[in-house]
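A.B. asks: Attaching a single structure in structure tokens format; questions to follow.
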Amino acid sequence: MVFASLLLLVLGAIVSQTTQVAALGSACGVPLTTGNALWGEPYWLEHIHHQGVAPFAPNATKYKVFRNVKEYGAVGDGVHDDTAAINAAISTGSRCGNLTCGSSTTTPAVVYFPTGTYLVSAPLHAYYYTVMVGDARTPPTLLASANFTGIAVIDGDPYTNNQNWYVNQVSFYRSARNFVIDLTRMPANASATGIHWQVSQSTSLVNVVVNMSTEPGNNHQGMYMEDGSGGFMGDLVFNGGKYGIWVGNQQFTVRNLTVNNANTAVFGSWNWGWTYQRVIINDCQVGFNLSGGGNGGEAIIDAVVTNTPVFIKTPKPTNGSVSGSLVLNNIHLNNVSTAVMENGTAILAGGTRTVDSWGKGNIYTGTHPNGTFTQGKIHSAHKDSVLLDHNGFIVSKGHPMYADYSVDQFKSVKSLGAVGDGIADDTEAIKAVLAKYAGCYIIYFDAGIYKVTSTIQVPAGTRIVGEAWSQIMGAGLNFNNKEDPNVVVQVGTPGSQGITEITDIVFTTQGPAAGAIVVEWNVRDPPGLQGAAGMLGGGKFKVLSHADVDLSFFILANGTHLQDAECPAGSFNPECFAAFLALHITYGASAYLEGTWVWLADHDLDGSHQLTLFSGRGILSHSQGPVWMIGTGEFVLLSTRRMFSTAEHHVLYQYSLVGAKNHYMGLIQTETPYFQPDPAPPGPFDISNVYDDPTFANGTTMAWGLWVQSSTDIIVFGSGHYSFFQNYSTACGGNTTCQTQIVNVDWTSSISIYNLATVGTRYQLSIEENGIIYFANDSEGFSSTVTLWSPARAIYP
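Taking mature numbering (1 follows the signal peptide of the UniProt record, and there is no 0), I'd label the letters of the sequence shown as residues -23 to -1, 1 to 774.
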């Protein structure tokens, strides 16, 4: 199967030898470089012309997507109570919240806070499908009053009469960025919390600082998260408090977390798997308190811990149970008395030193079916220098805010002829904007749904930013031939390079779209700019060739024959094909994906009905690297009744690496389609040798979560693969027989998988489609966790 595409790979390599510089639009004189905003000038988002639309909102012609809190009466002087005004800005317009609905995609909102100090006395309610964004040039302060009452300053999922507004496992589409939250006016003994973040996928916290009391014995905490199914957050600072963050969730990825002067930096209550990348802890008493025993798997990479007596507290294994897998990699300790403490006893000494690779849990090698419980040094995966920054850390990029750019460095597609109502064909308008301004302006997609009927080619060097997750939706006959698939959005051409950023954009299709390759990623980093070609998600598709990509895949259902009448659960209808392949990272490309959610809906986000839709494939990477996948997951195709669906639950696989090289992946997460094994894969698609499809031997009747073939130097640092259903029935879950195999690696690949968590599958890992690791040997209760699997030394470089 791999050999079928060798010719394509060789041709790609030849093309890549000829470097293509980023193309400039016809109106460009010089490429866009640095911003030209003057000192004291407000953030560009405040003054750009806001003309975005929500086509399916009630009273859509009058619905406002962008809301400046000062237009709703907020003062921002630190004296007047702005609580009511801010909550009015968030809630106006028949929005989804306050127990009126469980979820909705029809009423998006960007709630903007100009610089200032906003005094609040009660929680700010983050309604469904809301982006709360502060001035990125001078982030505003949310100041809790001395008499503040409520669960937290920002409340991502409020309680009313002890009932959550949203179901925690499907609490999607919330973002807060560019804020300082100040709790210091509240009494030290008050139960003060900065953020209540009980959320799931397609959510993000970015560039947030929380300041708390530093008095001994204080009762402040920066974040409280009791459950959910996330998720990504990054670039966070917590100062003071009893806890920096108190968190419990199925899975999460946290990048660039700093905690200063807290009693406990991180209290982990429970999880199936969390990955922390780039952590700084200063002057705390405890770094991570995991001693409660509910944490299935904790993976920490690239940490610097200073003047903290105990870095990690863990529980003691009991009755053969690991009681929490733990992986440490590249941990720098400075004046730390105990690195890891188990039930009061030091099991890893501290000091001032570097911990290269250490683990606690079951370690597997090659085809050996029995793991060895280890509490000590473990195999350290080879990290190629292309994956690392100058400090030797995994590359880390922030969400591009364009804080230094002025409003005159942006061009609006709507001002230049695009409509964005989900009905008009915007193909030619978008192409014209890119042809004229790509490379020298930031292209702004006002809120809306932009229907395209042929491939949109985004030149290398293009920067695109959306508003409230603007959608580019592929539709029509060009995208409905699964025997001859076509690309909806092509980013770069083979061999091209340049700073290419796509932020706050959702890529969608309008069914039927059996031949849609939703995004093809060809661009790579320019020399010396790591992570310059990439994608960030969290429910959006943010594509960066310089920083990141926010990525979600939706299917517009209203008027697309993808509603419950045409595609009810358990049905088969050729009109219900959503995509051939969600994302293809090609041979010569490099990519930085962060918070990327590729979801095909299994239920109606604007109703309650389950649906049966079909997407052939999730993420396929042929890339020779570097590729960073940070906080990516959920690959099934679902449809929403009113607007769109994202990519999760793909038919053949969620992640496939074929002939790939130099990938860092952590945390990745998948779910198997709910309708399988009826039909079993590849049905209703066919095996494609051109796209190196996997095989389904030994009675395999469900999609692969992760398929790796002929790949080199792959590091998976946190991996969760779940199978909950067979043909929409959960009866299989009781005896963990929903799926036989879910992760497969071939003999030729070199890959290390840390903290592999599975649910509902008999074998956690297979080699050449033969099950190797039996789930019961690694039980953590509901989930099963392998601390490390690596190939036999004989085949590992």
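Quick reminder that beta carbons are idealized off the backbone N, C-alpha and C, glycines included. Computed from a predicted model, the values in this text were never measured in an experiment.
Can Gly207 and Ser177 be called in contact, C-beta distance under 9 angstroms?
C.D. replies: Here residue 207 refers to the residue found at position 230 of the sequence shown. Here residue 177 refers to the residue found at position 200 of the sequence shown. A contact, by the Cβ cut-off of 9 angstroms.
A.B. asks: Let me make sure I understand the geometry here. Which of Trp247, Thr344, Ile419, Thr230 has the alpha-carbon closest to that of Glu571?
C.D. replies: For the purposes of this step, residue 571 is taken as residue 594 along the sequence shown, with counting starting at 1. Of the candidates Trp247, Thr344, Ile419, Thr230, the residue whose Cα lies closest to the Cα of Glu571 is Thr230.
A.B. asks: Under 9 angstroms between C-beta atoms, does Arg501 make it to chain C?
C.D. replies: This model lacks chain C altogether; it includes just one protein chain.
A.B. asks: On the three-pair Cβ rule with 8 angstroms, is the segment 305 to 322 touching the segment 283 to 293?
C.D. replies: yes
A.B. asks: Can the beta-carbon of Phe759 be found closer than 9 angstroms to that of Ala424?
C.D. replies: For the purposes of this step, residue 759 is taken as the residue at position 782 of the sequence shown. For the purposes of this step, residue 424 is taken as the residue at position 447 of the sequence shown. Result no, Cβ atoms of Phe759 and Ala424 do not sit closer than 9 angstroms.
A.B. asks: Which residues share a DSSP beta bridge with Lys290?
C.D. replies: Numbered from its first residue, the sequence shown carries residue 290 at position 313. Answer is Asn266, Met318, bridged to Lys290.
A.B. asks: Checking 9 angstroms against the spacing of the C-beta atoms, do Ser688 and Ile728 come in under that value?
C.D. replies: To locate residue 688, count along the sequence shown from 1; it is residue 711. To locate residue 728, count along the sequence shown from 1; it is residue 751. Yes. Within cutoff.
A.B. asks: Taking the straight line between their C-alpha atoms, what separation do you get for Tyr432 and Tyr105?
C.D. replies: Start at 1 with the first residue of the sequence shown, and residue 432 comes out as number 455. Start at 1 with the first residue of the sequence shown, and residue 105 comes out as number 128. The amino acid at residue 432 is misidentified as Tyr; the sequence shows Thr. Approximately 31 angstroms, taken between the alpha carbons.
A.B. asks: Taking C-beta to C-beta, are Ser246 and Glu275 nearer than 9 angstroms?
C.D. replies: Position 269 of the sequence shown, counted from the start, is the residue given in the question as residue 246. Position 298 of the sequence shown, counted from the start, is the residue given in the question as residue 275. In this structure, Glu275 does not lie closer than 9 angstroms to Ser246 by Cβ.
A.B. asks: In the DSSP output, what is Ser334 paired with across the bridge?
C.D. replies: Translated into positions along the sequence shown, residue 334 becomes position 357. In DSSP, Ser334 forms a bridge with Asn306.
A.B. asks: For the putative contact between Ala121 and Leu182, defined by C-beta atoms under 8 angstroms, what is the C-beta separation to the nearest angstrom?
C.D. replies: Looking up residue 121 in the sequence shown gives position 144. Looking up residue 182 in the sequence shown gives position 205. Ala121 to Leu182, Cβ: 17 angstroms. No contact.
A.B. asks: What is the DSSP secondary structure of Ala452, reduced to helix, strand or coil?
C.D. replies: Sequence index remark: in the sequence shown, residue 452 carries index 475 (1-based). Reduced to three states, the DSSP call for Ala452 is coil.
A.B. asks: For Gly194, which option in Phe549, Asn45, Pro164 has the closest C-alpha, if you only look at C-alpha atoms?
C.D. replies: Taking the sequence shown and counting its residues from 1, the one referred to as residue 194 is at position 217. It is Pro164 whose Cα lies nearest to the Cα of Gly194.
A.B. asks: So Ser459 is in the alpha helix (DSSP H); what residue range does that whole segment cover?
C.D. replies: Looking up residue 459 in the sequence shown gives position 482. Before going on, a small fix: residue 459 reads as Lys here, not Ser. Here Lys459 belongs to no alpha helix (DSSP H), and DSSP marks it neither H nor E.
A.B. asks: Would you be able to state if there are at least three C-beta pairs under 8 angstroms between the segment 127 to 138 and the segment 95 to 110?
C.D. replies: yes
A.B. asks: For the structure I just gave you, are there three or more beta carbon pairs, one from the segment 737 to 753 and one from the segment 316 to 326, closer than 8 angstroms?
C.D. replies: no
A.B. asks: Could you give the DSSP three-state label for Glu571: helix, strand or coil?
C.D. replies: In the sequence shown, the residue the question calls residue 571 occupies position 594. For Glu571, the secondary structure class from DSSP, reduced to helix, strand or coil, is strand.
A.B. asks: Relative to the C-alpha of Pro436, which residue among Ile426, Tyr421, Lys413, Leu454 is closest?
C.D. replies: As a first step, residue 436 is located in the sequence shown; it is residue number 459 there, counting from the start. The shortest C-alpha separation from Pro436 is found at Lys413.
A.B. asks: Tell me the DSSP secondary structure of Lys388 in three-state form.
C.D. replies: Stepping through the sequence shown from its first residue, residue 388 is reached at position 411. Correct three-state label for Lys388: strand.
A.B. asks: What is the residue span of the alpha helix (DSSP H) that Glu405 lies within?
C.D. replies: To locate residue 405, count along the sequence shown from 1; it is residue 428. Glu405 -> alpha helix (DSSP H) spans 404 to 414.
A.B. asks: Report the residue from Gly327, Pro292, Asn307, Val7 whose alpha carbon sits nearest the alpha carbon of Glu319.
C.D. replies: Translated into positions along the sequence shown, residue 319 becomes position 342. For Glu319, the closest C-alpha among the options Gly327, Pro292, Asn307, Val7 is that of Pro292.
A.B. asks: Between His356, Gly610, Pro603, which lies nearest to Val575 when the distance is taken from Cα to Cα?
C.D. replies: One-based indexing of the sequence shown puts residue 575 at position 598. Nearest option by C-alpha distance: Gly610.
A.B. asks: Assuming the contact rule is C-beta atoms closer than 8 angstroms, Val236 and Gly221 should be a hit. Round their C-beta distance to whole Å, please.
C.D. replies: Sequence index remark: in the sequence shown, residue 236 carries index 259 (1-based). Sequence index remark: in the sequence shown, residue 221 carries index 244 (1-based). Right, the Cβ-Cβ distance comes to about 4 angstroms (below 8 angstroms), so this counts as a contact.
A.B. asks: Count the other C-beta atoms from every protein chain shown that fall within 10 angstroms of the C-beta of Glu757, then say buried if there are 16 or more, exposed otherwise.
C.D. replies: Taking the sequence shown and counting its residues from 1, the one referred to as residue 757 is at position 780. Buried, because 16 or more other Cβ atoms sit within 10 Å of the Cβ of Glu757.
A.B. asks: Apart from the five residues on each side of it in sequence, which residues of its chain come closer than 7 angstroms, Cβ to Cβ, to Val256?
C.D. replies: Sequence index remark: in the sequence shown, residue 256 carries index 279 (1-based). Excluding residues within five positions, the ones whose Cβ falls inside 7 angstroms are Leu234, Ile277, Ala280.
A.B. asks: Go through its chain and collect everything with a Cβ distance to Leu267's Cβ below 8 angstroms, but skip five positions before and after it.
C.D. replies: Indexing the sequence shown from 1 puts residue 267 at position 290. Scanning its chain for C-beta atoms nearer than 8 angstroms, with the 5 sequence neighbours on each side dropped, one finds around Leu267 the residues Gly245, Glu275, Ile289, Lys290, Thr291, Pro292, Gly301, Leu303, in chain order.
A.B. asks: Name the residue from Cys261, Gly469, Gln487 whose alpha carbon lies nearest to the alpha carbon of Gly453.
C.D. replies: Here residue 453 corresponds to residue number 476 of the sequence shown, with the count starting at 1. It is Gln487.
A.B. asks: What is the DSSP secondary structure of Thr60, reduced to helix, strand or coil?
C.D. replies: The residue you call residue 60 lines up with position 83 of the sequence shown. Of the three classes helix, strand and coil, the one that applies to Thr60 here is helix, per DSSP.
A.B. asks: Thr11: buried (16+ other C-beta within 10 angstroms of its C-beta) or exposed?
C.D. replies: Here residue 11 corresponds to residue number 34 of the sequence shown, with the count starting at 1. Its Cβ having fewer than 16 others within 10 Å, Thr11 is exposed.
A.B. asks: What does the alpha-carbon distance come out to for the pair Lys517 and Gly492?
C.D. replies: Taking the first residue of the sequence shown as position 1, residue 517 is located at position 540. Taking the first residue of the sequence shown as position 1, residue 492 is located at position 515. With a pLDDT of 39 at Lys517, under the threshold of 50, the predicted position of this residue should be treated as unreliable, and no value is reported.
A.B. asks: Which residues does DSSP pair with Glu745 in a beta bridge?
C.D. replies: Your numbering for residue 745 matches position 768 in the sequence shown. Residue pairing by DSSP leaves Glu745 without any beta bridge partner.
A.B. asks: Which residues bound the beta strand (DSSP E) around His561?
C.D. replies: What you label residue 561 is simply residue 584 of the sequence shown in a count that begins at 1. It spans 558 to 562 - the beta strand (DSSP E) in which His561 sits, taken as one unbroken run.
A.B. asks: First and last residue of the beta strand (DSSP E) that includes Trp21?
C.D. replies: Numbered from its first residue, the sequence shown carries residue 21 at position 44. That residue, Trp21, is in no beta strand (DSSP E); its alpha helix (DSSP H) goes 21 to 24.
A.B. asks: Considering Cα atoms alone, identify which of Asp690, Asn368, Ile692, Leu590 is closest to Gly660.
C.D. replies: For the purposes of this step, residue 660 is taken as the residue at position 683 of the sequence shown. Residue Leu590 is the option with its Cα nearest to Gly660.
A.B. asks: Are there any heavy atoms of the ligand SAH lying less than 8 angstroms away from the beta-carbon of Met378, as far as the coordinates show?
C.D. replies: Within the structure as shown, the ligand SAH is missing, as the structure has no ligands at all.
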